[in-house]
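Enquirer: Below is a structure I'd like to ask you about.
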Amino acid sequence: MHGTPRYRALLTSTYPPTTFVRSPVCVFESNVMPLGESESTSASTLDQLANDFDKSNIMAPNTADASETSVSDDTATDNESLSSIEELTAALLDSKARPPSSQADQEKAAKIKDEANKILATGNYALAVELYSQAIELDPEKEIYWANRAQAFIKEEAYGAAIADATKAIDINPNYIKSYYRRALAYTAILRPKDALKDFNTVVQRAPADKSARAKRDECQKIVRRLVFEAAIEVGEEPSIADSIDYEAMVVEDSYDGARLESKTLKTVNGKYPKLEMSLEFIQDMIERFKTGKRLHRKYVFTIIIEAMKLFKTEPTMVEVDIEEGETMSVCGDTHGQFFDLIELFRFNGYPSETHSYLFNGDFVDRGSWSTENALLLFAYKWMYPKKFFLNRGNHEADEMNKVYGFEGECKAKYSEKAFKVFSESFSTLPLATLVGKNYFVLHGGLFSDDKVTLDDVRKFDRFRQKQPGQNGLMMEMLWTDPQPQPGRGPSKRGVGLQFGPDVTKRFCENNRLMAVIRSHEVRMGGYEIEHGGRLITVFSAPNYCDSQGNKGAVINIKNDYELNFQTYDAVPHPDIKPMAYASNLMM
């Protein structure tokens, strides 16, 4: 897979050829509402078939007929997202009517669908999409094929495509209830709870005995009410939680069995005072504690977060670094709470030091169940090596994502709600991009909706005025966009942001005198991929993503000659805690 584009057009003429592109990305099983392939929606049948996955099987497709599973989750929405989804949906609903399929085509389509169900159960979601597309091409008036492809799209995190397919299935047969359920899950995934609630209400009205659907509807309703309440009481910027925490005064009990942070004496015009200082000994002890399931003392949790945040605040929106002679910079992609794989990365690639700098390109929390460990370790290294260790913000360093995908729940379970709030505050101070040696523009998502955007626009962007990525604009695009193989720009398969083609990347690199853009945000089975004629590199550093994808992780090592050296690695064993263990009930 290395250096070879993995995107392929769908094998169906029901979409315009430039409408969708795909990359293999991981999605989580949520509670499953397998409804059977008949159009019957009797309450008794639904109640019997509405089975919840055990958390231990959260990533596993359902058995026998994978078409009867439902999955969930992803992003924040905006006007661009909405128009993208409407664009995709309109392309399907406005497609020209075709003559009825022949009996032979119908039978062939049914066989292909059965094969696609089996493929979906193996986790090969891209191939499942292609097979469902073949079935649709042969028999486009079968709502089950559209609903099943929506399921496969959900597993690929192509939520915009899933919503469009589910809507098409509803258009064909408004009584096929799984279409509403899957569309609700896709809306939930892109943080559009109001739209999801409408579909959950439809499911509950038609299947009142289904406990799983009712529980999801109730949870979704709580989210909608919370958002309405928060909007009603919004009175401007909230005071800093970090400023209210006097971590210096917190006492570490004698019973605490971990290493202590030592103080050094600082001299100021007002006299001398003690100042806590990070050490490699403390970091090594922290790693060993985390490996054995132990936690840090709350004093050290707050100290690490706040000290790192102080450093982030001093950095520009786009950090600019040069690599000195004899030094190496390692650029890493998403790590998503996979702490044990992060330690493996350091083990084989080298630990951070004054001559070995690191840049982590966002998404170090959520999904994986060691997100607090991940974040605390990375923040500790930032404090230890402020000029050699860098963090970019990803789309998962955001409140609404953390509430859904597990980081908030994990913080509360392992530490406290206040710890999450301080983390949240720190995430809003993270730089959005890094320019490496004036050669490589490194950001989490990708490029922009307007060719006029330049590096100077990124430099000037005041990220402190916008704590959350928002529903549109430069920050959202930097954290959310994805590449596509076709020229130009297109609607996002995720239902959020947009996609940009090789011509967009070429113009951006030429206009800004760059060798390439380095981004993350998507799984690549080989750990990385060189795209857009060599001007775009995707790097992903969470091997066997969510314990299900079987992908490698990768890191890019860059020396003073600015040549890119790719290293890949496999996942390592970890304690028996599944991904999304702390996620919202909507995702379970």
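Okay, so the sequence shown: first residue is 1 according to UniProt numbering, each after it adds one.
Idealized CB from N, CA, C, for every residue including glycine.
Nothing here was measured: the structure is a model prediction, and the numbers come from that model.
#1: Under the DSSP definition of a beta bridge, which residues are partnered with Pro-274?
#2: Where do the ends of the beta strand (DSSP E) carrying Ala-433 lie?
#3: Of the residues Ile-305, Met-250 and Pro-99, which one's Cα is nearest the Cα of Trp-383?
#4: Which value, in whole angstroms, describes the spacing of the CA atoms of Thr-45 and Pro-573?
#5: Specify, as a first and last residue, the run of the beta strand (DSSP E) that residue 659 falls within.
#6: Go through the segment 137-183 residue by residue and report every complete run of the alpha helix (DSSP H) that reaches 4 residues or more, in order.
#7: Would you identify the three-state DSSP class for Arg-225, choosing helix, strand or coil?
#8: How many Å lie between Ile-556 and Phe-407 at the Cα?
#9: So if DSSP puts His-574 in a beta bridge, which residue, or which two residues, is it bridged to?
#10: Counting along the chain, where does the beta strand (DSSP E) carrying Asn-557 start and finish?
#11: Since I believe Asp-165 is in contact with Ala-184 (beta carbons under 8 Å), could you give me their beta-carbon distance rounded to a whole number of angstroms?
#12: By DSSP, does Asn-395 sit in helix, in strand, or in coil?
#13: Please go through the same chain and pick out, in chain order, the residues whose beta-carbon is closer than 7 Å to the beta-carbon of Arg-459, but skip the five residues on each side of it.
#14: Say whether the segment 478-497 touches the segment 338-352, bearing in mind that this needs 3 or more beta-carbon pairs closer than 8 Å, one atom from each stretch.
#15: The alpha helix (DSSP H) that contains Glu-529, what's its start and end?
#16: Can we say the segment 285-293 touches the segment 348-363, given the rule of at least three CB pairs closer than 8 Å?
#17: By DSSP, does Gly-258 sit in helix, in strand, or in coil?
#18: Does the segment 377-394 come close enough to the segment 547-562 to have 3 or more Cβ pairs within less than 8 Å?
#19: Leaving out the 5 sequence neighbours to the left and right, which residues in its chain are closer than 8 Å to Cys-220 when beta-carbon positions are compared?
#20: Secondary structure at Glu-408, three-state DSSP: helix, strand or coil?
#21: So the beta strand (DSSP E) Gln-567 belongs to, where does it begin and stop?
#22: Does DSSP classify Ile-537 as helix, strand or coil?
#23: Under DSSP, the alpha helix (DSSP H) around Ser-102 begins and ends at which residues?
#24: In the DSSP assignment, find the unbroken alpha helix (DSSP H) run with Glu-425 in it and report its ends.
#25: In or out: Arg-367 buried (at least 16 other Cβ within 10 Å) or exposed?
#26: Tell me which residues share the same chain as Met-478 and place their Cβ nearer than 6 Å to its Cβ, disregarding the 5 neighbours each side in the sequence.
#27: Could you tell me the distance, in whole angstroms, from the CA atom of Ala-232 to the CA atom of Lys-142?
#28: Can you name the residues that DSSP bridges to residue 642?
#29: Which residues mark the beginning and the end of the alpha helix (DSSP H) in which Glu-288 is found?
#30: Using a threshold of 8 Å, state whether the C-beta atoms of Asp-171 and Asp-139 are closer than that.
#31: State the CB to CB distance for the pair Tyr-582 and Gly-409, rounded to an integer number of angstroms; the pair is presumed to be in contact (CB under 8 Å).
#32: List the residues that DSSP assigns as beta-bridge partners of Ser-357.
#33: Are the CB atoms of Asn-512 and Phe-441 within a distance shorter than 8 Å?
#34: So the candidates are Ile-283, Ser-369 and Gly-488; which of them puts its Cα closest to the Cα of Phe-346?
#35: Could you compute how far the alpha carbon of Asn-349 sits from the alpha carbon of Lys-111?
#36: If you run the structure through DSSP and keep just helix, strand and coil, what is Ser-584?
Expert: Working from what's here:
#1: Stepping through the sequence shown from its first residue, residue 274 is reached at position 274. For Pro-274, which the question treats as bridged, DSSP gives the partners Thr-265.
#2: One-based indexing of the sequence shown puts residue 433 at position 433. Element bounds for Ala-433: 433-436.
#3: As a first step, residue 383 must be located in the sequence shown, where it is residue number 383. Considering only Ile-305, Met-250 and Pro-99, the residue with the shortest C-alpha distance to Trp-383 is Ile-305.
#4: The residue you call residue 45 lines up with position 45 of the sequence shown. The residue you call residue 573 lines up with position 573 of the sequence shown. Caution is warranted here: a pLDDT of 28 is assigned to Thr-45, below 50, making its placement in the model unreliable, and the coordinate value is therefore given only provisionally. Roughly 40 Å between the two C-alpha positions.
#5: Outside the displayed span of the chain (1 to 588) sits residue 659, for which this structure offers no information.
#6: If we require 4 residues or more, the alpha helix (DSSP H) runs fully inside the segment 137-183 come out as 143-155 and 159-172.
#7: By 1-based counting over the sequence shown, the position of residue 225 is 225. Arg-225 falls in the helix class under three-state DSSP.
#8: Walking along the sequence shown from the start, residue 556 turns up at place 556. Walking along the sequence shown from the start, residue 407 turns up at place 407. Between Ile-556 and Phe-407, the alpha-carbon positions lie close to 27 Å from each other.
#9: Reading the sequence shown from its first residue, position 574 is the one you call residue 574. Residue pairing of His-574 in beta bridges, as defined by DSSP: absent, with no partner found.
#10: Counting from one through the sequence shown, the residue named residue 557 turns up at place 557. DSSP places Asn-557 in the uninterrupted beta strand (DSSP E) bounded by 553-558.
#11: In the sequence shown, counting from the first residue as 1, residue 184 sits at position 184. In the sequence shown, counting from the first residue as 1, residue 165 sits at position 165. Contact flag wrong, Cβ pair sits at about 14 Å.
#12: Residue mapping note: residue 395 aligns to position 395 of the sequence shown, counting from 1. Three-state DSSP puts Asn-395 in coil, outside helix and strand.
#13: Numbered from its first residue, the sequence shown carries residue 459 at position 459. Excluding residues up to 5 positions away in sequence, Pro-316, Thr-317 and Met-318 lie with their Cβ nearer than 7 Å to the Cβ of Arg-459 in the same chain.
#14: These segments do not touch.
#15: Stepping through the sequence shown from its first residue, residue 529 is reached at position 529. In the DSSP assignment, Glu-529 falls outside any alpha helix (DSSP H) and within the unbroken beta strand (DSSP E) covering 528-531.
#16: With a cut-off of 8 Å, the segment 348-363 and the segment 285-293 do not count as touching, because too few Cβ pairs lie within range.
#17: One-based indexing of the sequence shown puts residue 258 at position 258. Secondary structure at Gly-258: coil, using DSSP grouped into helix, strand and coil.
#18: Short answer: they don't touch.
#19: If you number the sequence shown from 1, residue 220 lands on position 220. Within the same chain, Ala-184, Thr-188, Pro-193, Ala-196, Leu-197, Phe-200 and Leu-586 come within 8 Å of Cys-220 by CB-CB distance, once the 5 residues on both sides are set aside.
#20: Start at 1 with the first residue of the sequence shown, and residue 408 comes out as number 408. Glu-408: helix per DSSP, three-state reduction.
#21: Working through the sequence shown from its first residue, we reach residue 567 at position 567. Run containing Gln-567: 564-569, per the beta strand (DSSP E) assignment.
#22: Looking up residue 537 in the sequence shown gives position 537. Of the three classes helix, strand and coil, the one that applies to Ile-537 here is strand, per DSSP.
#23: By 1-based counting over the sequence shown, the position of residue 102 is 102. Careful: Ser-102 lies outside any alpha helix (DSSP H) and carries neither H nor E.
#24: Position 425 of the sequence shown, counting from 1, holds the residue named residue 425. That run of the alpha helix (DSSP H) goes 417-427.
#25: To locate residue 367, count along the sequence shown from 1; it is residue 367. Under this definition Arg-367 is a buried residue.
#26: Here residue 478 is taken as the residue at index 478 of the sequence shown, counted from 1. Sequence-distant partners of Met-478 (beyond 5 residues in either direction) whose C-beta falls short of 6 Å from its own C-beta, in its chain, are Leu-432, Leu-443 and Gly-445.
#27: Reading the sequence shown from its first residue, position 232 is the one you call residue 232. Reading the sequence shown from its first residue, position 142 is the one you call residue 142. Between the alpha carbons of Ala-232 and Lys-142 lies a distance of about 44 Å.
#28: There is simply no residue 642 to check, as the chain begins at 1 and stops at 588 in what is shown.
#29: As a first step, residue 288 must be located in the sequence shown, where it is residue number 288. Under the DSSP assignment, Glu-288 falls in the alpha helix (DSSP H) whose first and last residues are 280-291.
#30: One-based indexing of the sequence shown puts residue 171 at position 171. One-based indexing of the sequence shown puts residue 139 at position 139. The Cβ-Cβ distance between Asp-171 and Asp-139 does not fall below 8 Å.
#31: Counting from one through the sequence shown, the residue named residue 582 turns up at place 582. Counting from one through the sequence shown, the residue named residue 409 turns up at place 409. Cβ-Cβ separation between Tyr-582 and Gly-409: approximately 4 Å, consistent with a contact (criterion under 8 Å).
#32: On the sequence shown, residue 357 is found 357 positions in, with the first residue counted as 1. Looking at the DSSP output, Ser-357 bridges to Met-329.
#33: Along the sequence shown, read from residue 1 onward, the residue named residue 441 stands at position 441. Along the sequence shown, read from residue 1 onward, the residue named residue 512 stands at position 512. Yes, they are a contact pair.
#34: Locating residue 346 in the sequence shown gives position 346, counting from the first residue. Out of Ile-283, Ser-369 and Gly-488, Ile-283 has the C-alpha closest to the C-alpha of Phe-346.
#35: Counting from 1 along the sequence shown, the entry for residue 349 is found at position 349. Counting from 1 along the sequence shown, the entry for residue 111 is found at position 111. If I take the Cα positions, the gap works out to 47 Å.
#36: Within the sequence shown, numbered from 1, the residue matching residue 584 stands at position 584. Note: Ser-584 maps to coil in three-state DSSP.
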